[in-house]
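First to last, the sequence lines map onto chains A and B. Sequential numbering of the first sequence, starting at 1, is according to full-length UniProt numbering. Sequential numbering of the second sequence, starting at 1, is according to full-length UniProt numbering. Shown next, in structure tokens, is the structure this report addresses.
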Amino acid sequence: MAEVKLKGTWPSPFSYRVIWALKLKDIPYEYIEEDLSNKSPMLLQYNPVHKMIPVLVHGGKPIFESAVILQYIEEVWPQNPLLPNDPYERAVARVDPHFSRTSPLDRWRLFRTTAGEEQEKAKKESLEMLRALEEHGLGDKKFFGGDKIGIADIAFGGVAHWLEVIEDLVGVKLIEAHIFPRLHAWTKNFKRVPIIKENLPDYSEMLLYLKREGITF
Amino acid sequence: MGEENKVTLYGMWASPFVRRVEITLKIKGIPYEYVEEDLRNKSQLLLQYNPVHKKVPVLVHNGKPIAESLVILEYIEETWKNGPKILPEDPYERAKVRFWASFIQQQARQSLFDSLVSAAKSSGEAHEKAMKEVFEKLTVFEEGMKDFFPSGTPHFEDENIGFLDIVLCSLFGHHKAQEEALGLKIIDPERHPLVYSWVTALNEVPAVKESLPPHDKMVALIQFLRRNAPHRSSEA
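Written as structure tokens, this is what we have:
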């Protein structure tokens, strides 16, 4: 099998999305930590457009953008599928990764760096998004993917773990159990899945990092 | 096939996102019913079908709604297996197409239009800066596209257009209307010859030509949006 390399940075949730997908499908890979403050010429050559990570390199060929990488992984390694078989179910699962691009995390960056009216607006938008996830995304299911985690759960993993750290940092809780009971339960269930549990950035280390660097992802 | 397959598209005449779904349905020869939405007064059905974003396009197939234009395109590709394919077979080629589609979608939606409106509203240095940003983005795209068209000139026979073609022409097919309305040159054949010739060639494809919004109506709408665009003091 051709070599698989993943260039990522700690603690970016976008890198972790790819790590989870690779591990869930039991695909051996080499992880290369990219120091963003000192970007290697090779990385820029591979991804001149966004100059961002993650980049998956398969048999020497680079693939960019975590959502695109997830689809690629699913197509090349169909074992332990992350997407359902039915085209309609797939369409429903796919909406979420697109949605997650303008994610609650983005809103949180705004929340932290603004004040007054703008901050209120950012908070309102974050809550609306979470409401949509709670009612339409999850509904009665345990995971977005149903009984097992799928591509949408992976895409929203950022909400499960990273948002908690940011909430700690900013001092405001968004996902309160009494306001978003399903989403709250989902964050706990998601982090209990063994592959996820074993592959999460350390909480206190992340808190320190965010305090020092700000929200860089 | 037959009466089992009811397809309805909820859209708005000026929306590039709706247009790309229309072009795709036409290319694949899928019969559909089109419902024009007044975005200032959205129908109950639309709100019911897309409760999360309340936006068009929404494709309803046998009563089941799908939202988000790029997701709809993938759904169409997977569901109607006869007819021309819009995505390549090879997963790596598909990844490249999806990446660039996502790139122009994000760049165009998030900042190209904003840059263009700021450029149109401002003058002197601010205008120069805004236009420079627009051109830089188009140049990145132009450079990336040389990979797809090594011989240099795109041409399309028998409507064999694909995912990326559809995304591009939906966003820039009406560039002449945008240019007239904003008084700016956006797709300059001298600066971005490949993108220019590509868009021009695409506009000749019947399915694309039929879906192009009427020029004068488009000009009027863009001028209206420009006059009423929110004032962004903090953005360059």
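Note that CB positions come from ideal geometry on N, CA and C, so glycine has one too. From a predicted model like this one, the values you see are computed outputs, not experimental measurements.
Within chain A, partners of residue i - CB distance below 7 Å
i, result
"R91 (chain B)", "In the sequence on display, residue 91 (chain B) carries Pro and not Arg. Chain A residues near P91 (chain B): Y72, E75, V76."
"S170 (chain B)", "Ordered by position in chain A, no residue passes the 7 Å Cβ test against S170 (chain B), which lies about 16 Å from the chain."
"S197 (chain B)", "Ordered by position in chain A, no residue passes the 7 Å Cβ test against S197 (chain B), which lies about 22 Å from the chain."
Closer than 7 Å at the beta carbon, the chain B residues around residue i
i, result
"R94 (chain A)", "V71, E74"
"E3 (chain A)", "Correct list: empty, because the minimum Cβ distance to chain B is about 14 Å."
Contact with chain A by residue i, beta-carbon distance below 8 Å
i, result
"A236 (chain B)", "For A236 (chain B), the predicted model reports a pLDDT of 32, less than 50, meaning its position is unreliable and no value from the coordinates is stated."
"K42 (chain B)", "no"
"T139 (chain B)", "no"
"T8 (chain B)", "no"
"R232 (chain B)", "Per-residue confidence for R232 (chain B) stands at a pLDDT of 44, beneath the threshold of 50, marking its modelled position as unreliable; the derived number appears in the next sentence. No, R232 (chain B) does not count as interfacial toward chain A."
"V58 (chain B)", "no"
"V52 (chain B)", "yes"
"K55 (chain B)", "no"
"K64 (chain B)", "yes"
"W13 (chain B)", "no"
Chain B within 8 Å of residue i, Cβ atoms only
i, result
"F156 (chain A)", "no"
"K61 (chain A)", "yes"
"P54 (chain A)", "no"
"residue 230 (chain A)", "As shown, chain A starts at 1 and ends at 217. That puts residue 230 (chain A) outside it, with no answer to give."
"Y88 (chain A)", "yes"
"V172 (chain A)", "no"
"V68 (chain A)", "yes"
"G116 (chain A)", "no"
Cβ-Cβ separation, residue j to residue i (assumed contact under 8 Å), whole Å
i, j, result
"F163 (chain B)", "F64 (chain A)", "The Cβ separation is near 17 Å, so there is no contact."
"L82 (chain A)", "I151 (chain A)", "4 Å"
"H136 (chain A)", "P51 (chain B)", "6 Å"
"N189 (chain A)", "K142 (chain A)", "6 Å"
"I86 (chain B)", "L70 (chain B)", "Not confirmed; about 11 Å, so no contact."
"E142 (chain B)", "L221 (chain B)", "Actually they are not in contact, since the Cβ atoms of E142 (chain B) and L221 (chain B) sit about 27 Å apart, beyond 8 Å."
"Y16 (chain A)", "N199 (chain A)", "7 Å"
"R182 (chain A)", "E134 (chain A)", "5 Å"
"Q79 (chain A)", "K25 (chain A)", "6 Å"
"I104 (chain B)", "L171 (chain B)", "6 Å"
"residue 250 (chain B)", "I30 (chain B)", "Given that chain B is displayed from residue 1 to residue 236, the structure contains no residue 250 (chain B) and the question cannot be resolved."
"R25 (chain B)", "I76 (chain B)", "Note that residue 25 (chain B) corresponds to Leu in the displayed sequence, not to Arg. Rounded, the Cβ-Cβ distance is 7 Å, consistent with contact."
"A201 (chain B)", "I27 (chain B)", "Not really, about 15 Å apart at Cβ, beyond 8 Å."
Contact set between residue i and chain B, taken where Cβ atoms lie within less than 8 Å
i, result
"Y29 (chain A)", "Ordered by position in chain B, no residue passes the 8 Å Cβ test against Y29 (chain A), which lies about 16 Å from the chain."
"K25 (chain A)", "Chain B residues near K25 (chain A): none, gap ~14 Å exceeds 8 Å."
Neighbour list for residue i in chain A, Cβ cutoff strictly below 9 Å
i, result
"T24 (chain B)", "Near T24 (chain B) there are no residues of chain A at all, since even the closest Cβ is about 14 Å away, more than 9 Å."
"E78 (chain B)", "P87, R90, A91"
Residues bridged to residue i (per DSSP)
i, result
"I53 (chain A)", "I53 (chain A) pairs with nothing; no bridge assigned."
"L6 (chain A)", "A:Y31, A:L56"
"K185 (chain B)", "None, per the DSSP bridge assignment."
"F64 (chain A)", "A:V55"
Neighbour list for residue i in chain B, Cβ cutoff strictly below 9 Å
i, result
"E65 (chain A)", "A95, R98, F99, S102, F103"
Cutoff 8 Å: residue i Cβ touching any chain E Cβ
i, result
"V167 (chain B)", "Protein chains in the displayed structure are A and B, and chain E is not among them."
Report task. List in chain order: all unbroken alpha helix (DSSP H) runs of 4+ residues lying wholly within the UniProt domain "GST N-terminal" (5-84) of chain B. Result -> 16-27, 44-49, 69-79
Query - beta strand (DSSP E) segments (min. 3 residues) lying fully within the UniProt domain "GST C-terminal" (86-210) of chain A - result: none
Query raised in the report: Taking only runs of the alpha helix (DSSP H) that begin and end inside the region 188-235 of chain B, which ones reach a length of at least 4 residues, in chain order?
Result: 193-202, 206-211, 215-228
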